[in-house]
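My numbering applies: residue 1 is where the sequence shown begins, and numbers increase by one.
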Amino acid sequence: MSGGDETPVLIVGGGPVGLALAADLGRRGVECVLVEQGDGTIYHPRANTVNSRTMEFCRRWGIAEEVRQAGTPPDFPLDIIFCTGLTGHLLARIDRPTYGGRKPLPTTPERSQRCNQLFFDPIMRKLAAGFPSVQLRYRCRFESFSETADGVLCQVLDLSNQRRETIKARFLVACCAGRSSVPQSLGVHWEGQPVLSYHINVFLKIEELWTRHDKGKAAFYFFVDESGLGPSLIELDGKELWRLGLSTGQQLLAPESVNVPAIIEKFMGPHIPYELVSVLPWTFRSIVADTWRRGNVFLAGDAVHQHSPSGGFGMNTGLGDAVDLAWKLAAALAGWGGPALLESYEIERKPVARRIVREATEGQAPLADKSTLAPIRAPTPEGDRARAMIGEEIVRERTKVFVSDGLVLGYRYENSPIIIPDGTPAPAESVSQYTPTARPGSRAPHAWLKNGRSTLDLFGDGFVLLAFGGTAVNASPIVAAAHSRGTPVKLVAIDDPAIADAYERRLVLLRPDGHVCWRDDTPPEDPVRLIDRVRGAAR
Ligand SMILES: Cc1cc2nc3c(=O)[nH]c(=O)nc-3n(C[C@H](O)[C@H](O)[C@H](O)COP(=O)(O)OP(=O)(O)OC[C@H]3O[C@@H](n4cnc5c(N)ncnc54)[C@H](O)[C@@H]3O)c2cc1C
Numbered sequence: 001m002s003g004g005d006e007t008p009v010l011i012v013g014g015g016p017v018g019l020a021l022a023a024d025l026g027r028r029g030v031e032c033v034l035v036e037q038g039d040g041t042i043y044h045p046r047a048n049t050v051n052s053r054t055m056e057f058c059r060r061w062g063i064a065e066e067v068r069q070a071g072t073p074p075d076f077p078l079d080i081i082f083c084t085g086l087t088g089h090l091l092a093r094i095d096r097p098t099y100g101g102r103k104p105l106p107t108t109p110e111r112s113q114r115c116n117q118l119f120f121d122p123i124m125r126k127l128a129a130g131f132p133s134v135q136l137r138y139r140c141r142f143e144s145f146s147e148t149a150d151g152v153l154c155q156v157l158d159l160s161n162q163r164r165e166t167i168k169a170r171f172l173v174a175c176c177a178g179r180s181s182v183p184q185s186l187g188v189h190w191e192g193q194p195v196l197s198y199h200i201n202v203f204l205k206i207e208e209l210w211t212r213h214d215k216g217k218a219a220f221y222f223f224v225d226e227s228g229l230g231p232s233l234i235e236l237d238g239k240e241l242w243r244l245g246l247s248t249g250q251q252l253l254a255p256e257s258v259n260v261p262a263i264i265e266k267f268m269g270p271h272i273p274y275e276l277v278s279v280l281p282w283t284f285r286s287i288v289a290d291t292w293r294r295g296n297v298f299l300a301g302d303a304v305h306q307h308s309p310s311g312g313f314g315m316n317t318g319l320g321d322a323v324d325l326a327w328k329l330a331a332a333l334a335g336w337g338g339p340a341l342l343e344s345y346e347i348e349r350k351p352v353a354r355r356i357v358r359e360a361t362e363g364q365a366p367l368a369d370k371s372t373l374a375p376i377r378a379p380t381p382e383g384d385r386a387r388a389m390i391g392e393e394i395v396r397e398r399t400k401v402f403v404s405d406g407l408v409l410g411y412r413y414e415n416s417p418i419i420i421p422d423g424t425p426a427p428a429e430s431v432s433q434y435t436p437t438a439r440p441g442s443r444a445p446h447a448w449l450k451n452g453r454s455t456l457d458l459f460g461d462g463f464v465l466l467a468f469g470g471t472a473v474n475a476s477p478i479v480a481a482a483h484s485r486g487t488p489v490k491l492v493a494i495d496d497p498a499i500a501d502a503y504e505r506r507l508v509l510l511r512p513d514g515h516v517c518w519r520d521d522t523p524p525e526d527p528v529r530l531i532d533r534v535r536g537a538a539r
């Protein structure tokens with residue numbers, strides 16, 4: 001890189017998605033510059049859920065343990081409580097064991113964790129900054145760009161000295177949550193509903209809140225009153241940090257107009273000593289961008305999809321974008337990636353985002369009608385009946401959002417130009433249920449290897465060709481074809497009938513992001529053509 005004025009990849013935005021892209025590129029030895037207009041300080045807590053797919057990426061990046069240590073402690077209950085107030089009536093309690101008390105899952109080596117962006121983003125920043133090929137430039141604002149025959153000329157403003165610079169990049173990736181000029185310059189239109197409701201989040205410090213009520217420790221408290229589902233209170237560190245979430249419905253209210261002390265008194269009890277740290281107004285949207293790429297310019301993360309925080313998908317989906325894009329940019333820069341590789345980014349990720357946005361937007365219907373809710377706080381038999389009815393409704397309908405393995409692990413890339421279908425039918429889509437499959441397009445199934453590592457630990461660098469069946473299977477034509485095209489591939493023979501059953505074919509080719517791109521029992525007649533397809537150089 002020549003003094004930072006020329007770089008293969010310029011990333012706009014140092015949120016989790018920009019940092020993940022920088023880190024994944026850095027891990028591949030790709031030079032990149034990330035410009036972030038802020039100084040990197042996280043003033044307000046947003047995402048809490050680092051789901052199991054993201055934890056699998058963290059495992060690949062070597063930071064899974066750090067994320068586990070930084071978030072909610074392993075002995076903190078993850079229960080979800082619905083009540084009329086912390087000192088009011090309990091409506092429903094969903095018991096969820098602590099992380100420390102949970103058994104390993106058969107489907108993934110990594111459980112989802114609660115690690116707020118307050119802690120997660122700095123871990124990602126440290127990770128990205130640790131790669132010598134990554135340059136993070138804080139207090140540097142991206143202003144505009146123009147496309148050239150072989151890349152992009154970007155204008156940035158260094159806010160520390162007000163100096164304008166031009167950075168020449170081969171690729172520009174905007175991870176700016178839609179706030180830079182890039183989406184507008186690309187003429188992005190949004191599919192969906194730009195405003196569903198307005199919200200205000202209040203970041204609070206309250207020490208040992210659980211000693212002031214009888215509901216016990218929980219990760220989430222949802223409050224219900226006569227008007228329906230009201231504020232929520234979410235633990236952030238299992239100690240003293242909390243986020244109070246308020247909906248202002250269709251009204252966009254100034255944060256100062258919200259009476260925080262009255263809300264705390266009503267739902268948490270009188271005389272709660274608290275410190276108000278910060279307030280963040282946000283808008284509940286349900287949108288996906290129609291354009292994710294033009295030429296050498298890409299969009300990722302909140303810049304292309306925004307939705308309700310319920311289910312905790314936003315940041316996780318954005319990290320999925322970053323992981324999908326990073327190896328493709330790296331391959332294009334290394335010369336072995338063909339044009340269909342870059343085309344496949346939008347083709348693969350947009351349907352995933354559409355599905356997530358759809359699911360996260362559902363389940364927002366009112367809890368019950370006004371007459372059922374009216375006696376919800378009354379200490380009467382009528383109140384008891386209303387609470388029992390609403391409690392059952394909550395357990396039946398409102399807890400689905402907390403079980404989403406089908407979305408988190410079961411997403412797959414259909415109709416991608418770089419995936420070769422094997423003719424097997426697509427498994428039924430389910431939000432909650434994940435059924436492991438090695439059908440092309442899917443995330444490869446996890447299984448424990450004899451050495452105690454996961455199959456997923458084999459993936460993440462170049463392509464991996466798994467061979468089951470010992471000497472009976474001839475993998476060498478595919479390996480030779482990959483080498484002839486300069487495409488990195490590693491052959492891994494696995495002698496384990498259970499894993500062979502899970503992968504269903506004797507030869508399974510995995511991409512650098514751990515998705516299956518081809519499988520069969522024998523090498524194809526034209527292995528070079530196979531390699532050309534999966535590296536995006538042939539249709
Ligand atoms: C209340 C709330 C709760 C949430 N809970 C969850 C959850 O539990 N799980 C989950 O997965 N997601 C959750 N989300 C969503 C999650 O916070 C976002 O999806 C995630 O932060 C998006 O990351 P990003 O990197 O795309 O964008 P951001 O984190 O918004 O980062 C974009 C960055 O780009 C920078 N930038 C913008 N323009 C420029 C420019 N011109 N020049 C330089 N820099 C620029 C900004 O300063 C910013 O730092 C929640 C969101 C909210 C509001």
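Virtual Cβ for every residue (Gly too), placed ideally from N, Cα, C. This one's a predicted model, so the numbers in the text were calculated from it and none came from an experiment.
Where residue i falls, given that 16 or more other Cβ within 10 Å makes a residue buried
i	result
Glu-36	buried
Leu-276	exposed
His-150	The sequence given here has Asp at residue 150, not His. Asp-150 comes out exposed.
Ala-428	exposed
Glu-235	buried
Ala-353	buried
Arg-385	exposed
Thr-108	buried
Ser-308	buried
Leu-252	exposed
Spatial distance of residue i from residue j (CA atoms)
i	j	result
Arg-139	Cys-175	16 Å
Leu-325	Tyr-345	6 Å
Thr-248	Leu-91	23 Å
Arg-358	Met-389	28 Å
Gly-469	Gly-100	38 Å
Lys-217	Phe-76	7 Å
Val-141	Val-182	Per the sequence shown, residue 141 should be read as Arg rather than Val. Rounded to whole angstroms, Arg-141 to Val-182 spans 12 Å at the Cα level.
Ile-494	Asp-521	14 Å
Gly-383	Gly-62	52 Å
Trp-336	Gly-486	6 Å
Val-173	Arg-27	17 Å
Glu-208	Glu-240	6 Å
Ile-347	Ala-374	49 Å
His-540	Ala-378	Outside the displayed range of the chain (1 to 539) lies residue 540, so it cannot be described from this structure.
Gly-15	Asp-121	7 Å
Ser-278	Val-202	6 Å
Ser-2	Asn-415	Summary for Ser-2: the model assigns pLDDT 39, below 50, so the residue's position carries little reliability; its value from the coordinates is reported in the next sentence. Computed Cα separation, rounded: 40 Å.
Val-152	Thr-72	42 Å
Val-323	Lys-370	46 Å
Leu-409	Asn-161	45 Å
Tyr-274	Lys-205	6 Å
Residue i vs residue j beta-carbon contact at 9 Å
i	j	result
Phe-82	Val-224	yes
Asp-321	Val-534	no
Ile-478	Val-489	yes
Phe-463	Ala-444	no
Ile-287	Gly-192	yes
Asp-24	Trp-327	yes
Pro-512	Ala-330	yes
Val-67	Gln-113	yes
His-189	Ala-289	yes
Gly-38	Glu-147	no
Glu-31	Pro-45	no
Val-516	Arg-398	no
Phe-442	Asp-405	At residue 442 the sequence reads Ser, which differs from the Phe that was named. Their beta carbons are not under 9 Å apart, which means Ser-442 does not touch Asp-405 by this criterion.
Gly-460	Ala-20	no
Ile-94	Phe-402	yes
Arg-179	Leu-456	no
Phe-119	Ala-70	yes
Ser-185	Gln-250	no
Phe-267	Gly-88	yes
Asn-51	Gln-117	no
Ordered list of alpha helix (DSSP H) runs contained in the segment 63-108, each at least 4 residues | 64-70
Runs of alpha helix (DSSP H) lying entirely within the segment 141-213, each at least 4 residues, in chain order = 182-185
Which parts of the segment 312-339 are runs of the alpha helix (DSSP H), unbroken and 4 residues or longer, counting only runs that do not cross its ends?
-> 314-334
Jot down the residue ranges of each uninterrupted alpha helix (DSSP H) in the segment 356-422, minimum 4 residues, whole runs only, in chain order.
-> 370-373, 381-393 and 405-408
Segments of 3+ residues assigned as beta strand (DSSP E) that fall wholly inside the segment 214-251 | 220-225, 228-235 and 241-249
Those runs of the beta strand (DSSP E) which lie wholly inside the segment 438-481 and span at least 3 residues = 463-468
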